[in-house]
Amino acid sequence: MGMYELFKTSADEYYGCRQLKYKCQHIPVHAKNVFLIETKYKLSLGRQGVYTIALYHTKSSCLVNGKRRNVFIRDDLPEIPKFGEQNLIKHGTTVDEVNTTIQCLISSYSSGIADVQDCSAIGRSEELSALNSIVENVLKSRHDKNLNGKSETSTDFDHMQSMETKIDALVKSISEIREELQNHIQATTLRVVEIKD
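Heads up: the sequence shown at position 8 corresponds to 6 in my numbering, and the numbers run straight through without jumps.
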């Protein structure tokens, strides 16, 4: 789910803020209760469709359709994840620092230690606490924006974009750690099976 959230936010930034070779139509799909459940991006060249990517937020999945979906795979897919990493660099944090913090938190959780301050030895607990409060603020603001139809001021909007950027970077790092953890679990399981044999 974390990787999906990173991809979703990066795709929104990529298709919304970039000068693309193709015309891009952004189509949000809301449920009856006003929650955003799907986002579609339709790319076209003149009257001809290039591809459509649908992001299904309730299932954390996406689908790419179209006669020229290879354009997505060849040109756009490699570029979209770079936005999270660029935003992380822009805010003076490295992927390694975020990964180290998350690894510490996972270790603390696994060993039953609930206090985030145990990760202060690596010097990132304050940043993580700040990111947690940013996540809460972004979610609250998004909810309020969905209800009101717009944000309060342009300053709030700029602040929200900054917070979303930080969240995207954190989500990417979490996804990378999950992948490393799964690889480690698989390797350990294979070793245990070999030992039993």
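The beta-carbon is built from N, C-alpha and C at its ideal position, and this holds for glycine as well. These numbers were taken from a predicted model, which means no experiment stands behind them.
Report the three-state DSSP secondary structure of residue i (helix, strand or coil).
| i | result |
| --- | --- |
| Thr50 | strand |
| Gln84 | helix |
| Leu43 | strand |
| Glu77 | coil |
| Thr186 | helix |
| Thr7 | helix |
| Thr163 | helix |
| Leu34 | strand |
Could you spell out where the beta strand (DSSP E) holding residue i opens and where it closes?
| i | result |
| --- | --- |
| Pro26 | Lys21 to His28 |
| Leu61 | Ser59 to Asn63 |
Closer than 7 angstroms by C-beta to residue i: which residues in its own chain qualify, once you throw out the five before and the five after it? Chain order, please.
| i | result |
| --- | --- |
| Ala119 | Unreliable positioning characterises Ala119 in this predicted model, as indicated by a pLDDT of 46, which lies under 50. The coordinate reading is nonetheless provided below. If we look at Ala119 and ignore the five residues flanking it on each side, it has no Cβ neighbours. |
| Thr7 | Glu162 and Asp166 |
Give me, in chain order, the residues of the same chain whose beta-carbon lies closer than 8 angstroms to that of residue i; leave out the 5 immediate sequence neighbours on both sides.
| i | result |
| --- | --- |
| Tyr12 | Asp74, Glu77, Ile78 and Phe81 |
| Ile35 | Val27, His28, Ala29, Tyr54, His55 and Thr56 |
By Cβ distance, which residues of its chain are closer than 6 angstroms to residue i, with the 5 residues on each side in sequence left out?
| i | result |
| --- | --- |
| Leu41 | Tyr20, Cys22, Val48 and Tyr49 |
Throw me the rounded Cβ distance for the residue i and residue j pair, which I believe falls under 8 angstroms.
| i | j | result |
| --- | --- | --- |
| Lys38 | Ala52 | 5 angstroms |
Just mark residue i as buried or exposed, buried being the case when its beta carbon has 16 or more other beta carbons within 10 Å.
| i | result |
| --- | --- |
| Ala185 | exposed |
| Leu168 | buried |
| Lys88 | exposed |
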